[in-house]
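Participant: Supplied in structure tokens, the structure appears directly below.
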Amino acid sequence: MSLLGIENLARPEIEAILNRAKDFQNSTAKLDTLRNRLLVNLFFENSTRTRTSFEIAAKRLGADTISITASASSTSKGESLVDTLNTLGAMRPHAIVMRHAASGAPHFLARYLPTPIINAGDGTHEHPTQALLDARTILDNRPSIEGLKVAIIGDIAHSRVARSNVHLLSKFGANVVLCGPAPLLPPQLGNLAPNVSLTYDIREAIQDADVIMMLRVQLERQHETPFPPGDYFKFYGLRPDHLLLAKPDVIVMHPGPINRGREISSEVADSKRSVILNQVENGIAVRMAVLERVMGA
Amino acid sequence: MSTLLIKNGRVIDPANGLDTVADVLLVNGKISAVGANLSAANATEFDATGLVVAPGFVDMHVHFREPGFEHSETIESGGRAAAAGGFTSVACMPNTMPVNDSATVTTYIVERARKLSPVNVYPIGAITKGSAGEELAAIGSMKQAGIVAISDDGRPVMNARVMRRAMETAKAFGIPLINHCEDLHLSAGGDMHEGMESVRLGLRGIPGCSEDVMVARDILLAEVTGVKYHVAHISARYSVAMVNFAKQRGLPVTSEVTPHHFALADADMQPYDSNYRMKPPLRACIDVEGVTEGLVNGAIDAIATDHAPHPGSEKMQEFERCPFGITGLEHAISLSLQKLVHPGLISLGRMVELFTVNPARILQIPKGTLTPGADADVTIFDLERTWTFDVNKSLSKSRNTPFHDHVFQGGQVATIVGGQFVWRLDGMI
């Protein structure tokens, strides 16, 4: 069974993954749950942390893994995506982890391929394992997601991380505030899920927040300059004084890679409130739970 | 002598205000008579009892891809698909390779159609050379060679000054100018209608205002130039309102809508299925209501399919890489019945008008009526038969439609061009 997104994943399934991920935290032991099972990591976009995280997760569960990047594959020879995936599918992997720059690419393939697909980020659509590891990280710091105020700040329009997080957090009863420059914050986002609101004012977003999620400015997905780069940090960069507006025990998150001085100041990134490295650590635990669910016997 | 007598059909001919059970007699390629209890020596008879007999349907917006993209469609295959859809005449857009921007290409299309197409094919010439939007094409020479209108469909003229000159030229040569209204800066990079669905799916938006601003510009220029101006595949509600406004001012402004734009909204799209990818995109429900209202109140004059074939290899890709457009000839009548006539939104007579006399008048072609002496082009369809559209049986070379397996009530039964059957439903002799 594929994992394509959070939007269509029921809350009990998410809870099962998050609970199972807890079992895998704080351990580097190698298990044999997925022995003799093959995972293909197929990355059509650059990625260091997500690909490495999936590889480590698979290896800790005893699976064999192969990682392929697009530049090294046949796509550069003009092969279509369907043919590439069919070719890989014929080698009978037990699952394919896929990242692609086109929104919906894994959904399109899932219609034609019998092999389960795990979406590791599709264009500006979803990045489900990121939202799962973010939820795991929040739950490591709070007893429950219900009623929390979560501010997501930055380039929301182009963010698959934001979309997956909105769906997940809303399903669990959080109040999500999306904040960014107007061209990167389409008004329809407010209707993406229940309990989502929008603001252009970072201070309003952070006021009494339990969680602050900062997003990278996705220059590679913007086809124009929607906000003067010189003004970005001034209006949407997270600085130490902002944290005074939030709850005292606010946690600061970022899916990485971070751009110090662009969307987050070094002081905040390195502060005690930052859980950015915990997110990375939880990425492995959550992906182990996902792989076990998708590939397990 | 070839004589065909269509007996006992419900004859609907809006040009003559006719809706009555009658016979239609076709002699030597012309309509000979319409009336009760007609008879003729040596006539082949067709029993149309329980069927609608209408003037041959005109699709004023198709893409037959020839010359240049014959793997997608040819004038022959497109013509056969048109006949199978109940159409007797089509107007084909100039975005071929080369673009139909010269009398040479126009003549090629006219000649190919004469030899190979079962239906009448009227070429539409480009507005600008190569449809590049800069220098006017040889509009006068193309008119002499047979074009009935000019359009840079798919590549709208962005420069308002060039558009003004084109309108002046079209006016002088007495042909309409048809525009695909899309401000290319506002729509740049877009995949689907900008709205809730595009935001949810993470696809780039083509806002309704990208159509509206160009419709507004063009209506202002049409008033300045006096050209007969036609909005192709109108899809946004404010565009419909502005066409209405232009008509109220007495301007010679007309518009067409495709069946898919009144049948489907963006929310009906199967996520990332390229059979739902077209320009203009499927709009929001409120826009679907807007174009439907336009069909009711007269802002919209014609239904046209924008039949845009693409082979599977091009449509089997990531959504954002697929070309825009869907095929539409073979389910246009059924969709119109299903969405407009059966629910009682428009009368059957109005539907026939939208497919016959109106597009014929816009293109100024001698079609769309059963007046004695007119060409014997007749479309026969029924309102009852339940049938399932199977794209694998399509006569088009392409298969890109979202209506595969769609169940319809009513549809085309027979198509007659110049007094001869060019298509008949299986079993209808």
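Same order as they appear, the protein sequences are chains A and B.
Residues 902 to 1198 (the working numbering) make up the first sequence, in order.
Residues 2 to 430 (the working numbering) make up the second sequence, in order.
C-beta: ideal position from N, C-alpha, C; glycine also.
Just so we're clear, the structure is a prediction, and the values are computed from it rather than from any experiment.
Residues of the stretch 180-210 of chain B with a CB closer than 9 angstroms to any CB of chain A: list them in chain order, please.
Facilitator: From the stretch 180-210 of chain B, only A189, G190, D192, E195, G196, M197, E198, S199, V200, R201, L202, G203, L204, R205 and G206 have a Cβ closer than 9 angstroms to chain A.
Participant: Shorter than 9 angstroms from the beta carbon of B/F325 to some beta carbon of chain A?
Facilitator: It does not; no Cβ of chain A falls within 9 angstroms.
Participant: Please name the residue, chosen from B/A16, B/T45, B/K31 and B/N29, that lies closest to B/K8 on a Cα-to-Cα basis.
Facilitator: The option with the nearest alpha carbon to B/K8 is B/T45.
Participant: By how many angstroms is the C-alpha of A/S968 removed from the C-alpha of A/N937?
Facilitator: Computed Cα separation, rounded: 17 angstroms.
Participant: With H, G and I counted as helix, E and B as strand and the rest as coil, what does DSSP make of B/G350?
Facilitator: In the structure shown, B/G350 sits in a helix (DSSP, three-state: H, G or I).
Participant: Under 9 angstroms between the Cβ atoms of A/L1069 and A/S1098?
Facilitator: Not in contact: A/L1069 and A/S1098 (Cβ atoms no closer than 9 angstroms).
Participant: Mind listing the chain A neighbours of B/R322? Cutoff is C-beta to C-beta under 8 angstroms, in chain order.
Facilitator: Chain A residues near B/R322: A1003.
Participant: Three-state secondary structure (DSSP) at B/C210?
Facilitator: In the structure shown, B/C210 sits in a helix (DSSP, three-state: H, G or I).
Participant: Who are the Cβ neighbours of B/E195 in its own chain at under 7 angstroms, not counting the five residues just before and after it?
Facilitator: G206, I207 and P208.
Participant: Measure the C-alpha to C-alpha separation of B/L204 and A/S1065 and round it to an integer number of angstroms.
Facilitator: The straight-line gap from Cα to Cα measures roughly 15 angstroms.
Participant: For chain B, is any of its Cβ atoms less than 9 angstroms away from the one on A/V983?
Facilitator: By this cut-off, A/V983 is an interface position.
Participant: Determine the DSSP secondary structure at B/I220, reduced to helix, strand or coil.
Facilitator: DSSP places B/I220 in helix when its eight states are reduced to three.
Participant: When DSSP builds the beta bridges, which residues end up paired with A/F955?
Facilitator: Per DSSP, none; premise fails for A/F955.
Participant: Got a sec: does the ligand GDP put a non-hydrogen atom nearer than 8 angstroms to the Cβ of B/N180?
Facilitator: No copy of the ligand GDP occurs in the structure displayed, which carries no ligand at all.
Participant: Consider the Cβ of A/A1058: report whether some Cβ of chain B lies at a distance smaller than 9 angstroms.
Facilitator: Yes, its Cβ sits closer than 9 angstroms to a Cβ of chain B.
Participant: Would you say B/M159 faces chain A, with C-beta separation under 9 angstroms as the test?
Facilitator: By this cut-off, B/M159 is not an interface position.
Participant: Could you name each continuous beta strand (DSSP E) segment of 3 residues or more that falls completely within the stretch 909-996 of chain A, going from the start of the chain to the end?
Facilitator: Complete beta strand (DSSP E) runs here, min 3: 939-944 and 965-970.
Participant: Is there a Cβ of chain B sitting closer than 9 angstroms to that of A/G1055, yes or no?
Facilitator: Cβ-Cβ to chain B under 9 angstroms: no for A/G1055.
Participant: Taking 9 angstroms as the CB-CB limit, is B/M317 close to chain A?
Facilitator: Judged by the 9 angstroms Cβ criterion, B/M317 is in contact with chain A.
Participant: Are A/F1009 and B/Y277 closer than 9 angstroms when you measure CB to CB?
Facilitator: Contact flag unset, no.
Participant: Please report the distance separating the alpha-carbon of B/A171 from that of B/V228.
Facilitator: So the alpha carbons of these two residues sit roughly 7 angstroms apart.
Participant: Return the chain-ordered list of same chain residues with a C-beta closer than 6 angstroms to the C-beta of B/P253, the five sequence neighbours on each side being excluded.
Facilitator: Result list for B/P253: K229, in chain order.
Participant: What number of angstroms, rounded off, separates the C-alpha of A/S1167 from the C-alpha of A/I1039?
Facilitator: Approximately 22 angstroms, taken between the alpha carbons.
Participant: The beta strand (DSSP E) that contains A/Q1031, what's its start and end?
Facilitator: No beta strand (DSSP E) contains A/Q1031, which is instead part of the alpha helix (DSSP H) from P1029 to N1042.
Participant: A/E908 CB to nearest chain B CB: under 9 angstroms?
Facilitator: Answer yes: the Cβ-Cβ gap between A/E908 and chain B drops below 9 angstroms somewhere.
Participant: Using three-state DSSP, classify A/G1184 as helix, strand or coil.
Facilitator: The answer is helix: DSSP assigns A/G1184 an H, G or I state.
Participant: With 9 angstroms as the threshold, decide whether the Cβ of B/S314 is near any Cβ in chain A.
Facilitator: Yes - at least one Cβ of chain A is within 9 angstroms of the one on B/S314.
Participant: With three or more beta-carbon pairs closer than 8 angstroms as the criterion, would you say the stretch 368-379 of chain B touches the stretch 50-69 of chain B?
Facilitator: The stretch 368-379 of chain B, when compared against the stretch 50-69 of chain B, does touch it at the 8 angstroms Cβ threshold.
Participant: Taking only three categories from DSSP, how would you classify B/C182?
Facilitator: Three-state result, B/C182: coil.
Participant: Among residues of its own chain, excluding the 5 on either side of B/I430, which ones have a beta-carbon nearer than 6 angstroms to its beta-carbon?
Facilitator: Any reading at B/I430 needs caution, since the residue's pLDDT is 45, under 50, leaving its predicted position unreliable; the model's value is listed next. There are no such residues.
Participant: Which of the three DSSP states, helix, strand or coil, is assigned to B/S188?
Facilitator: Of the three classes helix, strand and coil, the one that applies to B/S188 here is helix, per DSSP.
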